[in-house]
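What follows is a set of notes on a single structure, which appears directly below.
Protein chains: 2
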Amino acid sequence: MATGPGQVPGPPPALLTEAGIIAALTPALPGRPDVRLGIGDDGAVLRPSPGTELVVVTDALVEGTHFPAGMPARAIGHRALAVNLSDLAAMGATPRWATLALSLPAPQAAWLEDFAAGLLGLAAATGTALVGGDTVAGPLFTTVTAIGEVPAGQPAGRRGARPGDAVFVTGTPGDAVQGRLLLGSDRDDAAAQYLRSRFLYPDARLAAGRALRPLASAMLDVSDGLDQDLGRLAAASGVGLELDAGLLPLSPQLRTVAGPDAIARALTGGDDYELAFTAPAVQAAAIAAIAAAAACAITRIGTVVAGSAVRWHDGGREYPVPAGAWQHFGAGA
Amino acid sequence: MATGPGQVPGPPPALLTEAGIIAALTPALPGRPDVRLGIGDDGAVLRPSPGTELVVVTDALVEGTHFPAGMPARAIGHRALAVNLSDLAAMGATPRWATLALSLPAPQAAWLEDFAAGLLGLAAATGTALVGGDTVAGPLFTTVTAIGEVPAGQPAGRRGARPGDAVFVTGTPGDAVQGRLLLGSDRDDAAAQYLRSRFLYPDARLAAGRALRPLASAMLDVSDGLDQDLGRLAAASGVGLELDAGLLPLSPQLRTVAGPDAIARALTGGDDYELAFTAPAVQAAAIAAIAAAAACAITRIGTVVAGSAVRWHDGGREYPVPAGAWQHFGAGA
């Protein structure tokens, strides 16, 4: 709260101790049979399900690099977990457990309450148990490690795309970067609100990822921009891609706000946390059924080809991807 | 290298890209059957051993909080993993896999090579596979999450101490904090070298922890000072402790350098990464055998009592623990 002239500022809010921080982040949840020991010992003791393999992902967020200073604490808590859940979604895994390392310069109760609400709310919604962590004094950053499970022996990863496969993307990429660009704006119509919320509260495509895993030949999540991430999929699989910018699923809100830049936002914007994947074209009907069941648009945007080139077309002509690809907040051109 | 007058400075060392950082941290190791997919996809896919439970630990290190600026990169890499292995040791777990989040302000090849040598050297020595991670631009910090395995159903943690149990500690606590205090000193005799090395390259007590697990009623690792950590064990178990400072296993090097402060170093110094534990007194012979097998001193320093007070004695009188307990580098009094 700003203190105007004539107002007497109250005492500064009390800083939390390490024990206070841990208490705020320890959810009062009913016991889970897969968590034998949770927060409070040197380590958590967990029971993996028989017949499964573990999927382990780690993503760190640093203030000023991955999110702007002053972002709402609830959104930071949500994002700290969501970016990891998105990696689990890309592996087709079911989230089970997570740990959090949280570094705070000045831990204040109200901030931490919001942060915990964002993180623990998403954890509860996705069946993820926060089982341990570390709180330290330092610059604002989070590192979450999430552990999921997949049925043993199923294919996974980004290396299996084959020439002839179709290329798909979930959702409407480009919204998040446009939402970030609107953070400092006072534009407040429905489109702006929607886009900001897509940046602040990304949704990991867990249900779609789990259902797509047995069908997809390669899959990854779109965190650094669709063009750059599809380039990684192509390189890992040793294939090329022919992609149609005209097929990109652009949200009406993005079209409204970005106008002629909408395609560029979708191709080079980051922080979408959608899934991009390849699958044999014969799976199109099954994929459409998955889209309906997961309530998540899935759009074909191209074809896997031999070679190593990733080319975008629009209306029959080559579409040059704009330079200055997204490199997370603050690091881009 | 310092550049004196008349010397022409060379070009600044080139900064590594994210791909270069990942390459430096990806060990060229033979495949392991428990790692189906390692670094290079959105997540690692791991195969837990049948009949085991997982132990998951996370520790973050921030420059200026947990280690001083300018500490050798090799020591930082070693420590990033070692502090986590110490938590696994306290749980009696066998380390299997780890992930690393590494934030660097200006990633330089020589620094990263040393960091990787420290981390990957310790990983190889302990059978820990680095299976994934995240590299970001930001202040210098590391977060390692390590996953180990324990036989299913064994007791673990710090909550089982019972009145009458004996209290033990491994190794010679106090060395590490004295080594840290010597970091800026030009004292370079054998004692100083030994103590500095105990701070820079802590050894997790993995073999001892694994062997002690079935015997110990409660166990934790000593990272914040023996007095403070034993206080946590007592609180978690709902017991008191009567402890004899005269029994503390002080190294000759610590006695030489710290003189009359040696006991205070052992009680309130941090970063020891020894194990403190309780066990029924009848286990003394078995514990002596474990000490011999693990090549690690284990010393009885007291007894668990009813109540909640943790009291130190020396020669029959109460020994007041000095104030200003260790709160990691830079945060203490």
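These protein sequence lines are chains A and B, in that order.
Its first residue numbered 1, the first sequence is counted upward by one per residue in the numbering used here.
Its first residue numbered 1001, the second sequence is counted upward by one per residue in the numbering used here.
Quick reminder that beta carbons are idealized off the backbone N, C-alpha and C, glycines included.
Small disclaimer: the values here were computed from a predicted structure and weren't measured.
For the pair A/Leu212 and A/Ile263, the CB atoms are not nearer than the 8 Å cut-off.
Listed along chain B, the residues sitting closer than 9 Å to A/Arg47 by beta-carbon distance are Glu1053, Leu1054 and Ala1152. Annotation for B/Asp1175: no beta strand (DSSP E) segment contains it, though the alpha helix (DSSP H) segment containing it runs Asp1175 to Leu1181. Between B/Val1177 and B/Gly1064 a beta carbon distance of about 17 Å is seen, past the 8 Å cut, so the two are scored as non-contacting.
Assignment of beta-bridge partners to A/Leu54 by DSSP yields A/Glu149 and B/Leu1046.
Residue state for A/Asp188 is assigned as coil, using DSSP reduced to three classes. Annotation: A/Val239 is outside any beta strand (DSSP E) and is labelled neither H nor E by DSSP.
About 17 Å separates the Cβ atoms of A/Val222 and A/Val304, ruling out a contact at the 8 Å cut-off. DSSP places B/Asp1134 outside any alpha helix (DSSP H); the residue lies instead in the beta strand (DSSP E), whose first and last residues are Ala1129 to Ala1137.
At the C-beta level, A/Thr52 and A/Arg210 stay beyond 8 Å of one another.
Taking 8 Å as the threshold, the shortest C-beta distance from A/Pro139 to chain B falls below it.
Per DSSP, A/His78 is not a residue of any beta strand (DSSP E); the alpha helix (DSSP H) it occupies stretches across Ala73 to Ala90. Interface with chain B (8 Å Cβ-Cβ cutoff): A/Leu119 is excluded. Following the DSSP letters along the chain, one finds A/Ile287 inside the alpha helix (DSSP H) bounded by residues Ala284 to Ala294. For B/Ala1161, there is no enclosing beta strand (DSSP E), since its DSSP letter is neither H nor E.
For A/Thr145, the chain B residues whose C-beta falls within less than 7 Å of its own C-beta are Thr1058, Thr1099 and Thr1145, listed in chain order.
Judged by their CB atoms, B/Thr1017 and B/Phe1168 are not nearer to each other than the 8 Å cut-off.
Using a CB distance cut-off of 8 Å, A/Met71 does not count as an interface residue toward chain B.
Within a 10 Å sphere around the beta-carbon of A/Ala190 sit fewer than 16 other beta-carbons, which makes this residue exposed.
The criterion of a C-beta distance shorter than 8 Å is satisfied by A/Gly118 and A/Ala73. The region 121 to 138 of chain A makes no contact with the region 275 to 288 of chain A; the number of CB pairs closer than 8 Å stays below 3. For B/Val1136, the closest Cβ of chain A is nearer than 8 Å. Nearest Cα to B/Ala1306 within the set B/Arg1162, B/Ala1156, B/Gly1020 and B/Ser1086: B/Arg1162.
Using a Cβ-Cβ cut-off of 8 Å, A/Gly174 does not count as an interface residue toward chain B, since no Cβ of chain B sits closer than that to its own.
Contact with chain B is found for A/Gly157, since one of that chain's Cβ atoms lies less than 8 Å from the residue's Cβ.
For A/Arg265, the uninterrupted alpha helix (DSSP H) segment begins and ends at Ala262 to Thr268. B/Glu1149 sits buried, since 16 or more C-beta atoms from the chains shown fall within 10 Å of its C-beta.
In this model, B/Gln1253 and B/Leu1247 are separated by some 17 Å (Cα to Cα). If you look at A/Arg300, you'll find it in the beta strand (DSSP E) that goes Ile298 to Val305.
In the assembly as shown, B/Gln1283 is a buried residue. Its beta-carbon has 16 or more other beta-carbons within 10 Å. Put simply, the CB of B/Gly1043 is near chain A, with a gap under 8 Å to one of its CB atoms. Under the Cβ distance rule, B/Val1131 counts among the residues neighbouring chain A, one pair being separated by less than 8 Å. In the three-state reduction of the DSSP assignment, B/Ala1258 falls in the helix class.
A/Asp87 sits close to A/Asp59, with the two beta carbons spaced by under 8 Å. The Cβ of A/Ser237 sits no closer than 8 Å to any Cβ of chain B.
For B/Pro1252, the secondary structure class from DSSP, reduced to helix, strand or coil, is helix.
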